[in-house]
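Undergrad:
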Amino acid sequence: MQKARTEAYIAVRDVYQDLYNKEAKLQTEHKEERENLNQLYDAFVKRHGNLNSADNIKLIKTDSSGKEIPYLERVVGGVVHKADIFSRPVSFSTLTITTDNPEEALAASLNKYGNVNLDYMSEISGMTDDALKEALHGRIYYNPLQKKYEISERWIAGNVVEKAQEVKAYLESNPDDAQAKASLTVLEEARPRRIEFEELDFNLGERWIPTGIYGRFASHLFDTEVNIHYSESSDDFSVSCKQKNVHIWDKYAVKAESRTFDGIALLKHALVNTTPDITKKVMVGDQEVKVRDMEAIQMANTKIDEIRTAFTDWLHAQNDEFKTRLTDKYNDTFNCFVRPNYDGTHQNFPGLDRKALGIEDLYSSQKDTVWMIKLNNGAICDHEVGAGKTLVMCTAAQEMKRLGLAHKPMIIGLKSNVHEIGEAYRTAYPHAKILFPGKEDFTPQKRQRIFGDIKNNDWDCVILTHDQFGMIPQSSEMQKEILQIELDSVERNLDALQSQGKEVTRGMLAGVIKRKENLEVKLKTLQHDIDNRKDDVVDFKMMGIDHLFVDESHQFKNLMFNTRHSRVAGLGNVDGSQKAMNLLFAIRTIQERINADMGATFLSGTTISNSLTELYLLFKYLRPRAMEKQGIHSFDAWAAIYARKTTDYEFSVANNIVAKERFRYFIKVPELAQFYSEITDYRTAKDIGIDRPDKNEILYTIPPTPDQSAFIQKLMDFAKTGNAELLGRPPLSQSEEKAKMLIATDYARKMSLDMRMVSGKYEDHPDSKASHCAATIAKYYNQYNAQKGTQFVFSDLGTYKPGEWNVYSEIKRKLVEDHGVSAHEIRFIQEAKNDKQRKELIKGMNEGKIRVLFGSTSMLGTGVNAQKRAVAVHHLDTPWRPSDLAQRDGRAVRKGNEIAKFFANNKVDVIIYAVEKSLDSYKFNLLYNKQLFIDQLKNNNLGKRTIDEGSMDEKSGMNFSEYVAILSGNTDLLDKAKLEKQIAGLESEKQAFNRSKSSAKYKLQDYTVLLESAQSRFNRMNLDWGNLKQRIQKHSDGTIANPVQLDGLPLNADIKQIGIKLNQLADKSRTGGQYEEIGNLYGFTLLVKTEMSEKEGLDIRVNRFLVQGEGNIKYTYNNGLIAKDEKLAAMNFLNALEKLPSYIDQEKKKIVEIQKDLPVLQEVINGTWAKEDRLSELKTELASVERKIQLSINPENKGEEKEKIEKQTLKTANPESALKNKSIHLSRGV
């Protein structure tokens, strides 16, 4: 009996595995194997019971290959059902579509064939080709290059410049093709505005610029021949120079203690925008130690900056033809993309239960986004908090499934709100087949069952949390492929470092070697897994997931990337997180399957949360192929085009100079925005017209308490001296010394929140932030008591910890004791230990039972829909990222806020508490400006081409000088920022003015020469025409005589003889490139010239015939070639002379045009820039403000400082003092 059971079981298992593997691999239905599986399964159940019966499970557990077999049965309401694989394939779609909607026929055609297939569309819609073309007028266009129709969103998209050129070439040989003309017109109308040379910023080392240009520049700079080559595989430049000179050895060289970095070495660094690590030896006790030689590094940096600036100046000095060619190449590579206007109004979403959702219809913005996702197989859905992203995911997933655009979509969301997504999907599509496992389904024992369930069933959608998704094993082959690329990149960086020889310290190499070793271990482990894989392990590739919807996608921004810029602050962790890496593996698996970019939809209101470098990681996930076409294979290649590095120098605790590098400026931002917006649907709540309250921001300033004032002084002293005992803590360790400004910034944040955050020895004060906040909360509590208005209080510092003093509990105590608020009405989000308790808190807020809810950005900032009664949001601290502030405010500034709408003038007050002379206000302003730039970029609506991101970040705190100036309450700092902004604007305006002036000067010189030659040609042609008119003879019938006289022929030779002679000359003349006289006509000399060329190794001779008059201009007919026909041959010279009037007209027009342009150019050259005085005033003002700031930094020696600064302004210091001056002065803007 047991043997029979085992044999029957093995037969079922083997046929099941064979069927699944064949269908997954070949993507075709295998009916015979399916029938066999049903027969074997039915026979097994009849004899031995269901697979999941106790006896059978015992048997299956002994089989390591059979872990999926129990999932061939599904239990619904106590009844056992066969899994879908028994009735249809589960690894691909077998859906057949019928529709009478031409738009849906179009979408189905795009899915099935990847193009507009009119035959297929006719078949499924029952409409004729012509009827479809008419119904889809303006939606489909004829592509003459492919001889087929394309959808407008595909035709008028991507590189429209390239497409238009190809269609023009086609129309030259097919001028009557009306459909092609219509297609060309829409492309030309859609072409982005050309960016002119004067508008462009160039970085030395941009990979798209031909290396020949870099070679020419370097040869000019060093005044000797320099060759530069670029290797795509290593993303590196090689520079060679056979004859070095004084420019290389001295002018552009830095001599350090151990070696000289010559101009060629520094040029190589300049090309990849790095600075050499130069070391020197110092004695520590009796030991010789290598340390960074900061003075030499700073000198090297200055020389590298000089080289990079010289490149820009050299480009601007080139001729107009060169500039035009470079500008054309830029526009063709980067400014050629068009984002179509996606209109999704035609969609009717079959099966969507609008009544159950309580809506009349989707917002038009949601429809457009769903349509974009359907057409592009993915998008970035960048919608503001509360704009209805959840419904976009659900409808897009269901629509893609319904139309066969995706076979098995998966949604992954945050643990805190994934249940809302699941409920929204079930409400929207009550009949949909959704797999939405709970937390308990993901225990190690049950996990395999869920994976088998995903693989073996035909789900409309699978919904998981980010964490659950992270538990799915990824395809080992895909992991190996991606990690190998990363390892290659690390090895290239290591080679580049090692090539610097002795200059590189062990410490510098250690980090890169460690990364290399880690990746090698990972790759070995993967190879072992591949070699020893068991058949029963279900990985992501096997599950058949072909589209991923990633909700709150910013959670995955910590993706591994490689860079040489390891010292640049604010780039994030280059090793990335395993969570982000898993997502990359999954997306690459899908992209490999569809052989295209995208394959996923990212949804987040904060796609760019802090820095524009995050854009690169978004593109790395979703647009790897598009970036490769632009020559971008790595982060460094991307940064070379769009980012500009700044280096600030300042003194460390030990009075040494330290360098702070960051990508502070971003250039060519409109093209970056274009590349982003092409795949993005960006909407603010205002764009969508969501009925939600407005935000009323209030900056609430509080004077410092006496304790805070005293501590501020200590903080300034600590920043200068590094004496940590001033702050009541042990001296700084060696590693803490490096992070001194971060420690100082952190203490300043704690101090401004509450002195008790610094130390328990301090006591409460009526002017503390907690006191002011409690009083403000009480005011709103009483004002909206009748409506039970609620409030959110945010702080990432001093969060609730039971049994410890914290700011949350302190404010609660004040509200209860001083303002009479009931304790049960004030809650902390940290009190909710599970989802159930969390839901209770949210419900309590919406019902008005809880009136004040405290929390941090991470716990209360997302996934909390408790806005119903919210009247105020309080920020006790300002978060680091603009996105965090937006997420916090979004708790109350959200659709469904009834109290704000009906009782608060549809406004929510957002109060930001700032202690004077603390970092609060400065940090808030920085955040505000950053958000402004990010919004402009997303809107693709930038007024300028360069963005300054500011100079303060979470990882390294802020600049020492600015820190001290702010803590000293110095408002001059803000004046300085404003002045620098105005000066930068005027400087760029002046630069543009000077560029146009120098461009006009070169143009004027060219035009003057052109005019002289045009006038000379015009006069000489007139002379020839006058002579011809005087000498011309006519026959009695009025036709012009052709008295050609050829050498070697009698004067009365007839036309036939002349024609024969000319053809002989055409065959036999050998003039060696000289003009030879062969006769005359009306006093004009007849000439022949032999031209030589080579084609496929053969010498080709062509004899050309010309006629020349006294004006010394040679005229030809038929490009100087003689016809075989004798009569036509004899007429060649007369025909050439009869074209004279048209030549004279052309020259006349040219002269008129040039004469019109000359005074305009002269006017530009003679012009003066009107704002020079204003710029001088602002610079004087800035110098004065900077002096004041200097004095505030060192108040104890004002006299000396003043004298020192005055001396500095009067004379140029020697290099050593210049170095120190640069360190002391606040770094200026660009």
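Residues 1 to 1230 (UniProt numbering) make up the sequence shown, in order.
All C-beta atoms in this analysis are idealised placements derived from N, C-alpha and C, irrespective of residue type, glycine included.
Computed from a predicted model, the values in this text were never measured in an experiment.
Is the beta carbon of A886 sitting closer than 9 Å to the one on E384?
TA: Mapped onto the sequence shown, residue 886 falls at position 886. Mapped onto the sequence shown, residue 384 falls at position 384. In contact: A886 and E384 (Cβ atoms closer than 9 Å).
Undergrad: Using a Cβ-Cβ cut-off of 7 Å (strictly less than) and excluding sequence neighbours within five positions of A904, which residues of its own chain qualify?
TA: Counting from 1 along the sequence shown, the entry for residue 904 is found at position 904. V871, listed in sequence order.
Undergrad: What residue range does the beta strand (DSSP E) around G1079 cover?
TA: Taking the sequence shown and counting its residues from 1, one reaches residue 1079 at position 1079. Note, G1079: beta strand (DSSP E), 1075-1081.
Undergrad: If contacts are defined as beta-carbon pairs under 8 Å, then V116 and K148 qualify, I think. What distance do you get, rounded to the angstrom?
TA: If you number the sequence shown from 1, residue 116 lands on position 116. If you number the sequence shown from 1, residue 148 lands on position 148. Contact holds; Cβ gap of about 7 Å.
Undergrad: Report the partner residues of H875 according to the DSSP bridge assignment.
TA: Reading the sequence shown from its first residue, position 875 is the one you call residue 875. BP columns for H875 point to F794, I912.
Undergrad: Can you have a look at E671 and say buried or exposed, based on whether 16 or more other CB atoms are within 10 angstroms of its CB?
TA: For the purposes of this step, residue 671 is taken as the residue at position 671 of the sequence shown. So E671 counts as buried.
Undergrad: Among N785, R827, G77, which has the Cα closest to the Cα of K801?
TA: Looking up residue 801 in the sequence shown gives position 801. Among N785, R827, G77, the Cα nearest to that of K801 is on R827.
Undergrad: If I measure Cβ to Cβ from A180 and keep anything under 8 Å in the same chain, skipping five residues before and after, which residues do I get?
TA: Along the sequence shown, one-based indexing puts residue 180 at 180. Only Y142, P144, V167, Y170, L171, N174 meet the Cβ criterion.
Undergrad: Taking C-beta to C-beta, are E678 and L603 nearer than 9 Å?
TA: Working through the sequence shown from its first residue, we reach residue 678 at position 678. Working through the sequence shown from its first residue, we reach residue 603 at position 603. The answer is no: Cβ separation not under 9 Å.
Undergrad: Indicate the three-state DSSP secondary structure (helix, strand or coil) for T799 in the structure shown.
TA: Taking the first residue of the sequence shown as position 1, residue 799 is located at position 799. T799 falls in the coil class under three-state DSSP.
Undergrad: Go to S152, then tell me how far its alpha helix (DSSP H) extends in each direction, as first and last residue.
TA: The residue given as residue 152 occupies position 152 in the sequence shown. Its alpha helix (DSSP H) spans residues 152-155.
Undergrad: Are there 16 or more other CB atoms within 10 angstroms of the CB of H81, so buried, or fewer, so exposed?
TA: The residue labelled residue 81 in the question sits at position 81 within the sequence shown. Result: exposed.
Undergrad: Let me check one thing: in DSSP terms, what residues is I228 bridge-paired to?
TA: Stepping through the sequence shown from its first residue, residue 228 is reached at position 228. Note: I228 sits in a beta bridge opposite V239.
Undergrad: In the DSSP assignment, the alpha helix (DSSP H) including L926 goes from what residue to what residue?
TA: Start at 1 with the first residue of the sequence shown, and residue 926 comes out as number 926. Here the alpha helix (DSSP H) through L926 covers 920-938.
Undergrad: Please list, in chain order, all residues of the same chain as A778 whose beta carbon is under 7 Å from its beta carbon, the five residues on each side excluded.
TA: One-based indexing of the sequence shown puts residue 778 at position 778. Contacts found: L815, H819, V821.
Undergrad: On the three-state DSSP scale, how would you describe T646?
TA: In the sequence shown, counting from the first residue as 1, residue 646 sits at position 646. It is a strand residue.
Undergrad: Just how far apart, CA to CA, sit Y214 and V915?
TA: Along the sequence shown, read from residue 1 onward, the residue named residue 214 stands at position 214. Along the sequence shown, read from residue 1 onward, the residue named residue 915 stands at position 915. Between Y214 and V915, the C-alpha separation is close to 52 Å.
Undergrad: Could you give the DSSP three-state label for Y16: helix, strand or coil?
TA: As a working note, residue 16 is residue 16 in the sequence shown. Residue state, collapsed to three classes: helix.
Undergrad: Would you kindly check if the distance between the Cβ of T607 and the Cβ of T680 is under 9 Å?
TA: Translated into the one-based positions of the sequence shown, residue 680 becomes position 680. Translated into the one-based positions of the sequence shown, residue 607 becomes position 607. It is a contact, given that the beta carbons lie within the stated cut-off.
Undergrad: By DSSP, does S1103 sit in helix, in strand, or in coil?
TA: Taking the sequence shown and counting its residues from 1, one reaches residue 1103 at position 1103. It should be pointed out that residue 1103 corresponds to Asn in this sequence rather than to Ser. Three-state DSSP puts N1103 in a strand.
Undergrad: Measuring alpha carbon to alpha carbon, tell me which of I590, L571, D694 ends up nearest K645.
TA: One-based indexing of the sequence shown puts residue 645 at position 645. Minimum Cα distance to K645 is reached at L571.
Undergrad: Flag G344 as yes when its Cβ comes closer than 8 Å to any non-hydrogen atom of the ligand SAH, and as no otherwise.
TA: Only the bare structure without any ligand can be found here, which leaves the ligand SAH out of the picture.
Undergrad: For the beta strand (DSSP E) containing V852, list its first residue and its last residue.
TA: Against the sequence shown, residue 852 aligns to sequence position 852. That run of the beta strand (DSSP E) goes 852-855.
Undergrad: Three or more beta-carbon pairs under 8 Å between the stretch 862-869 and the stretch 407-426, yes or no?
TA: A contact exists between the stretch 862-869 and the stretch 407-426.
Undergrad: DSSP puts Y700 in a beta bridge; with which residues?
TA: The count along the sequence shown starts at 1 and reaches residue 700 at position 700. Answer is Y913, bridged to Y700.
Undergrad: Please report the straight-line C-alpha distance between R13 and S234, rounded to a whole angstrom.
TA: Translated into the one-based positions of the sequence shown, residue 13 becomes position 13. Translated into the one-based positions of the sequence shown, residue 234 becomes position 234. Cα to Cα, R13 sits roughly 49 Å from S234.
Undergrad: Can you find at least 3 beta carbon pairs, one from the stretch 439-455 and one from the stretch 577-587, that sit closer than 8 Å?
TA: No: the two stretches stay apart, fewer than three of their Cβ pairs being nearer than 8 Å.
Undergrad: Does the Cβ-Cβ distance between L37 and L19 come in under 9 Å?
TA: Against the sequence shown, residue 37 aligns to sequence position 37. Against the sequence shown, residue 19 aligns to sequence position 19. Yes, Cβ-Cβ distance for L37 and L19 is below 9 Å.
Undergrad: Please classify A1170 as buried or exposed, where buried requires at least 16 other C-beta atoms within 10 Å of its C-beta.
TA: On the sequence shown, position 1170 is the one that residue 1170 refers to. Counting Cβ neighbours within 10 Å, A1170 comes out exposed, since fewer than 16 surround it.
Undergrad: Can you list, in chain order, the stretches of the alpha helix (DSSP H) that have 4 or more residues and sit fully within the stretch 996-1049?
TA: Whole alpha helix (DSSP H) segments, 4+ residues: zero.
Undergrad: Among residues of its own chain, excluding the 5 on either side of L1011, which ones have a beta-carbon nearer than 6 Å to its beta-carbon?
TA: Reading the sequence shown from its first residue, position 1011 is the one you call residue 1011. The answer, listed in chain order, is I1154.
Undergrad: Can you check DSSP and say which residues form a bridge with L548?
TA: Walking along the sequence shown from the start, residue 548 turns up at place 548. In the DSSP output, where bridge partners are listed per residue, L548 has M410, A600.
Undergrad: Tell me where the alpha helix (DSSP H) around H383 begins and ends.
TA: Taking the sequence shown and counting its residues from 1, the one referred to as residue 383 is at position 383. Careful: H383 lies outside any alpha helix (DSSP H), inside the beta strand (DSSP E) at 379-383.
Undergrad: Taking the alpha carbon of G1073 as the reference point, which residue from G1079, L1087, N1063 has its own alpha carbon closest?
TA: Your numbering for residue 1073 matches position 1073 in the sequence shown. It is L1087 whose Cα lies nearest to the Cα of G1073.
Undergrad: Return the first residue and the last residue of the beta strand (DSSP E) that F828 is part of.
TA: For the purposes of this step, residue 828 is taken as the residue at position 828 of the sequence shown. Run containing F828: 826-828, per the beta strand (DSSP E) assignment.
Undergrad: Figure out for me which residue from H565, F561, K1095 has the closest Cα to the Cα of Q578.
TA: Indexing the sequence shown from 1 puts residue 578 at position 578. The option with the nearest alpha carbon to Q578 is F561.
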